[in-house]
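Structure, as structure tokens:
In the numbering used here, the protein residues as written are 127 to 301.
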């Protein structure tokens, strides 16, 4: 008799039981598919990361093939020594500094270094004037490279100092 009751219950509530069965099946399918979805999301993230790396590498490769202008093309072809001496004397006169000696030697270019004009300058005067004269010279000739600077105080204590400077003015290569 209990069996008939059970059958009656099923017949009476069959629609509700069908909905419950479909819900349980959907829940079971969702739980089973969760690891698969996580794996797919990981694959997609890895693919996006790989694409970003490829795009960055392609952009870098394109940038590296673009020609960078050669800085040596901005260097002068020649450095006229007389013009350098004139501008140095004008600046020294304005700063109350004496130009004691100026000598220059042409330095030939090699495979490892640029050629240029190697200039030795000796100045005598007060320290602020020496500083001003050197600053003016390097401002007028920004390609000049100061290779050596020595400042020596006068033993008499008169505030006069002597500066010896070696400056290289690189020139454009003759290639």
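Positions of the beta carbon are idealized from the N, C-alpha and C atoms, including for glycine.
Measuring CA to CA, which of the options is closest to residue i?
{"i": "residue 270", "options": "182, 167, 241", "result": "241"}
{"i": "residue 216", "options": "260, 286, 166", "result": "260"}
{"i": "residue 289", "options": "226, 166, 153, 264", "result": "226"}
{"i": "residue 236", "options": "300, 173, 220, 151", "result": "300"}
{"i": "residue 220", "options": "264, 161, 258", "result": "258"}
{"i": "residue 210", "options": "285, 153, 152, 264", "result": "264"}
{"i": "residue 239", "options": "207, 222, 206, 198", "result": "198"}
What are the boundary residues of the beta strand (DSSP E) that includes residue i?
{"i": "residue 207", "result": "Where residue 207 is concerned, there is no enclosing beta strand (DSSP E), although the alpha helix (DSSP H) it sits in stretches over 207-220."}
{"i": "residue 236", "result": "No beta strand (DSSP E) holds residue 236; DSSP gives it neither H nor E."}
{"i": "residue 242", "result": "242-251"}
In whole angstroms, what separates the C-alpha of residue i from that of residue j?
{"i": "residue 187", "j": "residue 203", "result": "34 Å"}
{"i": "residue 144", "j": "residue 158", "result": "21 Å"}
{"i": "residue 147", "j": "residue 176", "result": "43 Å"}
{"i": "residue 276", "j": "residue 196", "result": "33 Å"}
{"i": "residue 224", "j": "residue 268", "result": "22 Å"}
{"i": "residue 282", "j": "residue 272", "result": "28 Å"}
{"i": "residue 297", "j": "residue 179", "result": "42 Å"}
{"i": "residue 150", "j": "residue 169", "result": "29 Å"}
{"i": "residue 166", "j": "residue 156", "result": "15 Å"}
{"i": "residue 152", "j": "residue 164", "result": "18 Å"}
{"i": "residue 185", "j": "residue 161", "result": "36 Å"}
{"i": "residue 181", "j": "residue 200", "result": "35 Å"}
{"i": "residue 222", "j": "residue 183", "result": "59 Å"}
How is the alpha helix (DSSP H) around residue i delimited, first residue to last?
{"i": "residue 298", "result": "Neither: residue 298 is in no alpha helix (DSSP H) and is coded neither H nor E."}
{"i": "residue 270", "result": "That residue, residue 270, is in no alpha helix (DSSP H); it is neither H nor E in DSSP."}
By Cβ distance below 6 Å, which residues in the same chain neighbour residue i in space, the five residues on each side in sequence not counted?
{"i": "residue 247", "result": "228, 291"}
{"i": "residue 244", "result": "231, 233, 294"}
{"i": "residue 274", "result": "292"}
{"i": "residue 266", "result": "213"}
{"i": "residue 174", "result": "none"}
{"i": "residue 205", "result": "243, 295"}
By Cβ distance, which residues of its chain are closer than 8 Å to residue i, with the 5 residues on each side in sequence left out?
{"i": "residue 287", "result": "250, 251, 252, 253, 256, 277, 278, 279, 280"}
Near residue i, what residues of its chain come up, given a Cβ to Cβ distance below 7 Å and the 5 sequence neighbours on each side ignored?
{"i": "residue 262", "result": "217"}
{"i": "residue 285", "result": "252"}
{"i": "residue 142", "result": "none"}
Cβ of residue i versus every heavy atom of the ligand SAH: is any distance shorter than 6 Å?
{"i": "residue 213", "result": "The ligand SAH is not among the ligands present in this structure, which contains no ligands whatsoever."}
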